[in-house]
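**Student:**
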Amino acid sequence: MLIKFTIAGNPQGKARPRFKKINDKVLAFTPTKTRGYETKVRNEYKETIRYKFPKDIPIAVAIIAYYKIPKGISKIKRKEMIEGKISPTKRPDSDNVIKTILDALNGIAFHDDSQVFRIEFEKRYGEIPMVKVAIANDPILNEKLAAKY
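Under my numbering, think of the first position of the sequence shown as 412, with each following residue one higher.
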C-alpha cells in the first residue's frame, strides 16, 4: 500500500524540548509551535487517510519539503530554483523536519516509528511552501517510492 498526503505551509522542524522548574521539580515539555505543527500533520493525515499500517511491518517514508522562493530573486534564479538546479540550504535542518513528521504520525499512521526502515528526504524550492509525504509497506512500492515521490 502506498499513501500520499500533503501538509500546506512552511516546513517546520522539531524544536528542542524546553524545561521548567516547578516546586523543585524539573519538567520537560515540547514547545507550543512544534506541538501545533505536529497536530496539523496528524489532522491532515486523519482527514486525507484513515489507515494505520499493521504492527511489525517495515515501512518506507519519503518526505519532500518545499520552501517558498525568496522575494527579490531574479527570473533566471527563480527558474533554476523551481527546476531543482538550486536547492535550499536554510533551516529547518532535514533531520528536524523528518523527526517532526515521524513523531506526528507515530500511533496514527503506524504503531511506532521503529517500523520505518527507509527514509528519503529532499528540500526543494516551490511557488507554494508545503511538505509532501509518501508512506509505503509493499517492497515493489518501496522501490518506486525510493525512485522519488
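All C-beta atoms, glycine included, are put in the ideal place defined by N, C-alpha and C.
The structure displayed is predicted, hence computed values, not measured ones.
Could you please give the first and the last residue of the uninterrupted alpha helix (DSSP H) stretch that includes G447?
**Tutor:** From DSSP, the alpha helix (DSSP H) with G447 extends over T443 to T459.
**Student:** Might you give, ordered along the chain, the residues of its own chain that have their beta carbon closer than 8 Å to the beta carbon of I497, omitting 5 neighbours on each side?
**Tutor:** K488, E491 and Y536
**Student:** Report the partner residues of M401 according to the DSSP bridge assignment.
**Tutor:** The requested residue 401 does not occur in the structure, where the chain is confined to residues 412 to 560.
**Student:** So, using beta-carbon positions, are I474 and I512 closer together than 7 Å?
**Tutor:** Result yes, Cβ atoms of I474 and I512 sit closer than 7 Å.
**Student:** Buried or exposed: V542, going by 16 or more other Cβ atoms within 10 Å of its Cβ?
**Tutor:** buried
**Student:** Which same chain residues, not among the five before or five after T394, have their C-beta less than 7 Å away from its C-beta?
**Tutor:** What is shown of the chain runs 412 to 560, which leaves residue 394 out entirely.
**Student:** For N507, which three-state DSSP category applies?
**Tutor:** helix
**Student:** With distances taken between CB atoms, is the gap from A419 to F430 smaller than 7 Å?
**Tutor:** No, these two residues do not count as a Cβ contact at 7 Å.
**Student:** Is I487 helix, strand or coil when you go by DSSP?
**Tutor:** When DSSP states are grouped into helix, strand and coil, I487 belongs to the helix group.
**Student:** Relative to the C-alpha of F521, which candidate in N434, P422 and R453 has its C-alpha closest?
**Tutor:** R453
**Student:** If you drop the 5 nearest sequence neighbours on each side, which residues of the same chain put their C-beta closer than 6 Å to that of R529?
**Tutor:** A471
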